Amino acid sequence: MAKDRSFAAKVAKASGKKSDQCSVCNSTTNHVLFVKSVYSDQTRSWKFNERYLRVCKCNQQEVYG
Ligand SMILES: [Zn+2]
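First residue of the sequence shown: 0, per numbering that gives the first Met the number 0; consecutive thereafter.
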């Protein structure tokens with residue numbers, strides 16, 4: 000059975016957490032829950048790595064890009 004790896008995608012959604020200001024670009028930073036799906040060959044199942052990122056103008060390109 001073929002493995003469909005196209006399912007792997009980056010999903011970023013804004014969380015309800017309060018935002019603060021970046022000292023570098025002076026823009027408001029958003030706390031974003033960043034979910035990355037990873038296929039494990041060992042367990043033959045998808046895992047989801049979740050982590051919170053602070054997104055501002057400094058890194059929004061690489062996070063959303
Ligand atoms: Zn910044």
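We put the CB at the ideal spot given by N, CA and C, even for glycine. Since the model is a prediction, treat every value here as computed from it, not as a measurement.
Remark: the shortest separation between the CB of Val23 and any heavy atom of ligand 1 falls under 7 Å. Cys55 is classed as buried because its beta carbon has at least 16 other beta carbons within 10 Å across all chains shown.
Comparing alpha-carbon positions, the option among Gln41, Val62, Val37 lying closest to Phe47 turns out to be Val37. DSSP places Val62 inside the alpha helix (DSSP H), whose first and last residues are 59–63. Here Thr42 is exposed. Its C-beta has fewer than 16 other C-beta atoms within 10 Å.
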